[in-house]
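For the sequence shown, the positions run 1 to 1098 when full-length UniProt numbering is used. No residue lacks a Cβ here, since even glycine has one placed at the ideal position from N, Cα and C.
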Amino acid sequence: MSQNDYKFNQDVEEEKRLQDFIEKGNSRELLKYFQENPDISDGLLYKCLYKAIQSNGTHIARIVFAAGADISHGNHLHLLSAAMLSKNLDLIQMLIEEKIHIELPTSPAANSAPLQVAVVNGDLGMLKVLLSSGSGLDFEDAQGFSALHTAAQNSKDAVKILINSGCSINIQTTGKGYTPLHCAVKKELVDMVKFLLEHGADPGIPDKRVGYSSLHMAVIQGNKQLVELLVTKMKPEQINQLNHLSQTCLHEAAAENRTELIQILIKAGARTDALNEDRYTPLMCAIENSHVGCAAELLRHTPPNFFRKCIATKSCSGNTVLHMLAKKGKPYEEILESILNQLDSEKILNDVNNDGETALMVATKNDNIKAVAQLIIAGADVNIGCKKIGSPLHAAVILGQDVARVLLESPLLCLDVCDSNEETALHKAAFVGNSYMLEAMLNKGVSPALLNKQSAKGNTILHYLVENSTNDDLLRVLQRVVEGGLKLDLQNKDGDTALVRAAKHKSQNVQSIEELLRLGAQVNIANNVGRTALHYTFELKRTYVSYCLLEYGAECNVLDKDGNTPLHLAAANEDDQIVLRLLMKKTRLDTIGHGSQTALHVAATCGNIDVVNILIEQGARAEVPGSSPSPLINAARNGHVEIVKILLEKNAKVNAVDKMGRSALMWASQGGHVECIKELLEHNTDPKIVDESDDVALTMAAWAGHTEAVKMLIPVSDLNHREREEGMSALYLAIGKNHKECVKVLLDAGADINLIDAHGNTALLTAAMLTTGPDILEMILNCGRKFDINAVGCKGRTAVHWAVGEPQSTKVLVQHKPDLNHLDENKASPLLLAIAHGQPKSAEILIKAGCDVNMVHVDGRKPIHHSAIYGDPDTTQLLIDHGVDPDTPMKDGRRPLLLACIENNISVVQILLKYKIDINRVYSNSFTALSVAVTNSFDEIIQILLDSGADPNIIGEGKYLPLIHSIIQGYMCGTVLLVQAGASINMAADAGKYPLEVAILKKNLQAVQFLLEVGADPNLLHTIIQEGTIVFFIEDDFLLNAVTYLSKQPLSLHILSRDIIRQQLRRPFASTINQVNLPQSLKDFVMMMDLKKKWIPK
């Protein structure tokens, strides 16, 4: 056993023996031991003192003090806390005589001073002792409570003692600003409140947080006894003072439904006309919160001279009490009636809110029939509305008949009031299809001018009626308004008459249209887009309505602004009979309409064979000058083979082209319409016609992947014709779209695989670049024709470069012995691209096939550098297995380990660290792999490096240690990991700053607490403590006190002992300490295992 081990065991035995004396109260043996051992350590004496106080041994404690125990050699908090728990006044007096800090909290967790602990425990004797010793009255706990605040919640006797000792009875807490009276009221301690008031407590002092006085709090709690007690000590101006929300106590009572407190407060002087920040009176608060009883009580006790003002007051939204009652409805009917009976002003009755609404309008909108009747009887003006909605009648028409009936009974009602859309209530009734309301308003007498009133959009009531006249009642109203002078053919802003509007409506109300026609509506009036009612009937496929319009003389050749006649629209439908009907009305067959198309074009596009036959039989021409494309192209494009046959029989031009230069055959080929292709080829169409992009039918079929079409076109086409844009032949287009069957057919037909497209690619390069899977590549490689497997195309790449994205394709190509080391225009080999694109399988194939694993690329990078950057652990291991140096540098000196750390590639780091690599290498004389990981907050990388022996105290010429970097960034996890691994917490960086000092300057209080706990020396802070600048950085009072106190004390024994042990261990500590024969608990202590649980969040 070494000398140090022997000394350590001896100290442990000595401590155990002394503690045994103290626990058994054996003062004689203890005194004898101290006399025989005068050189006992200060630390051991302090432990004996703590044990004596903890055991409530006054006499033993005196012996220890006599032996030289000094309270400065330990934590005052521990001694004082133990003495307080023992409730031994002699012990406390003894500690006071030794000048212990009695103003410090008893423990960091409780954050309560001894004075407060004595109050809570009801120990008046201890309280008196502490006060007589000069204990500060102003110390506050974590909640900001002083001893008097605590006493106000616990003991009148304690309150009396503290007041007599000079404590201010109205002292406020620092945070919330509570007085002792606030505390007593909050706890609802009636006797305590009475006691405090008798001793001068001011109930009108507001708190700092919300501005609540004690009375506010009592009202909110609904404590009648407290309220009665407090108002007797308050002046009216205090009772009416506002909190931070501009609420008086009466507002709070109304909002909290404290009906029983209303009379008490008003009698004490609370004003019923006081306003809060929303300009609500207490009565408004009660109504807003649906407290009916409270509202009634406020109304009953409101003084007569305040009544009118309370009712007329407007809130921020412009609402009066009448508006609010009108909205609430039934529960408030009696209150509303009571107010209206006392109200003597029509102005208040007709006041409008910020939305321009009267109380009557609000009642109408909320369908409160009784309130509407009450307000009308009281004299509310039924015609005052708001611009947006109109009059109350407008709102009533939309809501329902009952509330509207009440309004219609008023003799003062006017029907010509308009809303913001210039619509009357008649418009609204027609819009919703309310026949009852319409007839009720018509019965009051409506002039022709009012009937023909047009809205802002030009609509009359007739425009709305025709959309909703689905029953006999509405049809009767329609007839009645026309007889009353309503004009049938007025046009709205879109140019629609009522007839056109009815025809374009999706329901196309047949009854309305028939009625309009019967009444004489003009059938040929066109709207702003040139369409008549007949156009819309064909567009919406309404055959019966079309017959009706034709019977009443609808014109068939009217062109709309798109150039369409009704026949164009009819040709799109499958109803050949209506087309015949139109032709019987002398409709022109070959009118060119929208898209330069005739009716025949439309029918051919839609595949309406019967319509096509009828049009041709009636003389429609297959080719009309000025039309494009031809009907034949339209039919072929859409695969309507029967129509194609009909048109070809009528000698349609088989080689005609559209504006893009495409023939019917080309469109049929793109769509894969084989029957159409066959029919066109039989009629000698030219398969070699090229469009504006130099495409032919074959290239279009191949691009679209229509194999059967390709087979049909190959015999009559040039296999190697290339389109202009990409320079691709049919084969290349099929390859690019991955159409395997087409590719096979074209290869079998002899398509050239060595053509060079616009990008310099052959068929092989195109397949490697654009296809998925190896199938097409194998077809080309095994087609039996000569080709260059190392041909260079786009971006200077070979087929192997492009194939690395598909491992199976790479495998197929490698079997044909290509050049694996060719560099593209960016100096990248296939292996580099495989790594960069995350294809470890392709990389493995290339490496095993013999590619150069040490080839140097851009910036001196080798494949292993790229695998480290892109995070490819499999390739990294494979490269090392094939002889690559895992620590090879780039031109700038960076090595794989550093690159993997920069990119947070954990698996690669773990692989590299299995080999002999200098983990502490300093790069650019300023950073290491560890410092990079810390700067980027990579937890796992940091842990792996530290476990592998990385030194946390190496910085080169860098400005800061890794530990200081983590503190500056507020990176707590990194800070803990570094300290556990041996980062020096008391070593200054090149900038001359210590970790603890940096933590304080950066206001990283969590790091400050942590560093103090693990042994950072606060004595290094003398400068900023003496200057006083420390208070600008540590805003936590308790932490500031702790730092200041500890800066005057030596480091604790357990921290010093742990540091000494750690200094003897080699890094990494974990592997070293496991070789030492120590209990696991001691190993965990040395390794600081408790830090992770406490300081690193999950």
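Inter-residue CB distance, residue i and residue j (contact presumed, cutoff 8 Å)
{"i": "D824", "j": "K862", "result": "So it is not a contact: roughly 17 Å between Cβ atoms."}
{"i": "T497", "j": "L490", "result": "7 Å"}
{"i": "S410", "j": "V382", "result": "5 Å"}
{"i": "L1012", "j": "P995", "result": "11 Å between Cβ atoms; not a contact."}
{"i": "A380", "j": "A359", "result": "7 Å"}
{"i": "L772", "j": "E806", "result": "In the sequence under discussion, the amino acid at residue 772 is Thr, which differs from the Leu named in the question. At roughly 7 Å, the Cβ-Cβ gap stays under 8 Å, so T772 and E806 are in contact."}
{"i": "D419", "j": "H394", "result": "6 Å"}
{"i": "A929", "j": "P896", "result": "The Cβ separation is near 10 Å, so there is no contact."}
{"i": "E844", "j": "L878", "result": "6 Å"}
{"i": "L475", "j": "Q522", "result": "About 20 Å; that fails the 8 Å criterion."}
{"i": "R531", "j": "D494", "result": "Not a contact, Cβ separation roughly 10 Å."}
{"i": "V743", "j": "I689", "result": "Actually they are not in contact, since the Cβ atoms of V743 and I689 sit about 24 Å apart, beyond 8 Å."}
Cβ neighbour criterion (16 or more within 10 Å) applied to residue i
{"i": "C414", "result": "exposed"}
{"i": "Y1076", "result": "Looking at the sequence itself, residue 1076 is Val, so the reference to Tyr does not match. Its Cβ having fewer than 16 others within 10 Å, V1076 is exposed."}
{"i": "P625", "result": "exposed"}
{"i": "N573", "result": "buried"}
{"i": "D757", "result": "buried"}
{"i": "Y915", "result": "exposed"}
{"i": "P715", "result": "exposed"}
{"i": "G784", "result": "exposed"}
{"i": "R797", "result": "buried"}
{"i": "L550", "result": "buried"}
{"i": "L412", "result": "exposed"}
{"i": "I1060", "result": "exposed"}
{"i": "T1072", "result": "exposed"}
DSSP three-state assignment for residue i, whether helix, strand or coil
{"i": "S663", "result": "strand"}
{"i": "C851", "result": "coil"}
{"i": "S729", "result": "strand"}
{"i": "G43", "result": "helix"}
{"i": "G838", "result": "coil"}
{"i": "G671", "result": "helix"}
{"i": "R279", "result": "coil"}
{"i": "R480", "result": "helix"}
{"i": "residue 1108", "result": "This structure leaves residue 1108 out entirely; the chain is present only between 1 and 1098."}
{"i": "C794", "result": "helix"}
{"i": "Y552", "result": "coil"}
{"i": "F307", "result": "helix"}
{"i": "F927", "result": "strand"}
{"i": "V922", "result": "coil"}
{"i": "G485", "result": "coil"}
Nonlocal neighbours in the same chain, by C-beta distance under 6 Å from residue i, ignoring five residues either side
{"i": "A429", "result": "V397, M437, L438"}
{"i": "H640", "result": "G607"}
{"i": "T591", "result": "T565"}
{"i": "L575", "result": "Reading the sequence as shown, one finds Asp at residue 575 and not Leu. Result list for D575: T543, in chain order."}
{"i": "E467", "result": "H505"}
{"i": "P970", "result": "For the sequence presented, residue 970 should be read as Gly rather than Pro. Closer than 6 Å at the Cβ level, and outside the excluded window around G970, lie N1004."}
{"i": "K365", "result": "A395"}
{"i": "S984", "result": "N953"}
Residue i at chain B interface by Cβ criterion, 8 Å
{"i": "Q577", "result": "Given the protein chain composition of this structure (a single chain), no chain B is represented."}
Close-in-space but distant-in-sequence residues of the same chain around residue i (CB under 7 Å, 5 per side omitted)
{"i": "residue 1105", "result": "Residue 1105 falls outside the range modelled here, since the chain spans only 1 to 1098, and no answer is possible."}
{"i": "E741", "result": "T707"}
{"i": "Y923", "result": "G893, R894, L898"}
Same chain only: Cβ atoms within 8 Å of residue i, ignoring 5 sequence neighbours per side
{"i": "L713", "result": "S669, I677, P687, A697, L698, A701"}
{"i": "A664", "result": "S630, L632, I633, A635, A636, R637, V644, V654, A656, C676, L680, T685"}
At least 3 beta-carbon pairs within less than 8 Å: the segment 598-613 vs the segment 628-645
yes
Inter-stretch contact (C-beta, 8 Å, three-pair minimum) for the segment 1052-1065 and the segment 963-981:
The segment 1052-1065 is not in contact with the segment 963-981.
Three or more C-beta pairs under 8 Å: does that hold for the segment 195-204 against the segment 243-253?
no
Mind the definition here: the segment 212-228 touches the segment 161-175 only if three or more C-beta pairs lie below 8 Å; say whether that holds.
no
Between the segment 275-289 and the segment 228-236, do three or more beta carbon pairs fall short of 8 Å?
Short answer: they don't touch.
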